[in-house]
Amino acid sequence: MSDTRSLPVPDGLEGDRLDSAIARMFGLSRTRAAELIGDGGVLLDGAEAGKSDRVQAGSWLEVTLPPPPTAPVPRAEAVPGMRIVHEDTDIIVVDKPVGVVAHPTVGWTGPSVLEGLLASGVQLATSGAAERQGIVHRLDANTTGLMVVAKSETAYSVLKRAFKERTVDKHYHTLVQGHPDPLRGTVDAPIDRHPAGDGRWAVVAGGRPSVTHYDTQEAFRAASLLEIKLETGRTHQIRVHMAALRHPCVGDHLYGADPTLAERLGVKRQWLHAVRLGFDHPTEHRPVEFSSPYPEDLEAAVAKLRED
């Protein structure tokens, strides 16, 4: 059910673009605000206006907000290429292929780890929202590698706490453009949504604390292979921090990667792989560690660089 709001433009938004004002007033992204305006859902002083029109304090706004999206309902759906690395009564560790999200989300129509496990008959912890059952951490759809999922309620609780308290060892390998200077270092820079509101994230003053350690494993003419250890787990953290260093992940066009280099190496997504995952087993109270080899596309790109 739609929700229509009528209110004046606040003094603090005097001179702002209409899409920016709508975004700030209603907590929307600029992109979503522009869509509302384009669909005729916004009237300014009783008339339709363009997204780039400037607003004046006191002008009257009528905004018709769409109903909030409903949470997706998970369904059992096999995920080709998803490999089970380890399973016991409390946890299951999977090697996630490309093009797969951790759990169903609004707007995503592709496969998910959660639905793939349900299709395999795995019983997962039911704590939390139904569309995220058992999920204690996530990887981007086009980032491959290791994820642990909770099967028991105890495992869910213990693992959620471990990730929150940063006691989980999360190691990634990424191929970045150029050569970071220094070759080994730490990026300690807060991350939040990009001001453009276009789905990107960025280093933003006042964002959530984010810490990434990197160490060059191999240097090539055009790129460097890095090992990454995360202290925090923000959305797109490695991709954002590498772009902030001006060494974006190869193939990561969203964050400014060179498409020519990616094409030459045959990389069609960001070169980023969760290669090792270590933590204390939630019920057996012993350290466990799992590893994952590079997928074929990422391995082939490194092989080409070594031939240069």
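Position 134 (the sequence shown) corresponds to 134 in full-length UniProt numbering; numbering is contiguous. We put the CB at the ideal spot given by N, CA and C, even for glycine. None of the values given here were measured: they were computed from a predicted structure.
Exercise for the section: Report all residues from its chain with a CB closer than 7 Å to the CB of Q237; omit the five preceding and five following residues, and keep chain order. Expected result: I191, S210, T212 and L230
Practice task
Can you grab the Cα-Cα spacing for the pair Q177 / A222, in whole Å?
Solution key: 6 Å
Exercise for the section: List the endpoints of the continuous beta strand (DSSP E) containing R264. Expected result: No beta strand (DSSP E) holds R264; the alpha helix (DSSP H) holding it covers P259 to L265.
Problem - Rounded C-alpha distance that separates K304 from F220 - result: 10 Å
Practice task
With DSSP as the reference, label M147 as helix, strand or coil.
Solution key: strand
Handout entry: Candidates D90, A141 and M242: closest to S152 by CA position
Key = D90
Problem - Same chain only: Cβ atoms within 6 Å of A162, ignoring 5 sequence neighbours per side - result: V168 and F279
Practice task
Please name the residue or residues paired with residue 327 in a DSSP beta bridge.
Solution key: Any property of residue 327 remains undetermined from this structure, which presents the chain solely from 1 to 308.
Handout entry: Secondary structure of L65, DSSP reduced to three states
Key = strand
Exercise for the section: Could I get the ranges of all uninterrupted alpha helix (DSSP H) runs contained in the UniProt domain "Pseudouridine synthase RsuA/RluA-like" (90-244), with 4 residues as the minimum, in chain order? Expected result: 113-119, 153-164 and 237-244
Handout entry: Close beta carbons around G110, own chain, < 8 Å, minus the five adjacent residues each side
Key = G99, V100, V101 and A141
Problem - Candidates G197, A189, D198 and Y156, of which the one nearest V204 by Cα - result: A189
Exercise for the section: Could you tell me if R30 is buried or exposed, where buried requires 16 or more neighbouring beta carbons within 10 angstroms of its beta carbon? Expected result: buried
Problem - CA nearest to the CA of R208, picked from A150, Y294 and V240 - result: V240
Practice task
Please classify H247: does DSSP put it in a helix, a strand, or coil?
Solution key: coil
Problem - Own chain residues within Cβ distance below 6 Å of L159, not counting five before or after - result: V136, A150 and P282
Exercise for the section: Run the CB neighbour count on I84, radius 10 Å, all protein chains shown included, and call it buried at 16 or more, exposed below. Expected result: exposed
Handout entry: Same chain only: Cβ atoms within 6 Å of L36, ignoring 5 sequence neighbours per side
Key = V42
Handout entry: Span of the beta strand (DSSP E) around S6
Key = D3 to P8
Handout entry: Same chain only: Cβ atoms within 6 Å of V288, ignoring 5 sequence neighbours per side
Key = H281
Problem - L65 to G40 span [Cα, whole Å] - result: 11 Å
Exercise for the section: Specify whether the stretch 248-264 and the stretch 122-135 touch according to this definition: at least 3 beta carbon pairs, one from each stretch, less than 8 Å apart. Expected result: no
Problem - Between the CA atoms of P104 and L61 - distance to the nearest angstrom - result: 35 Å
Exercise for the section: Check V79 in the structure and name its three-state DSSP category. Expected result: coil
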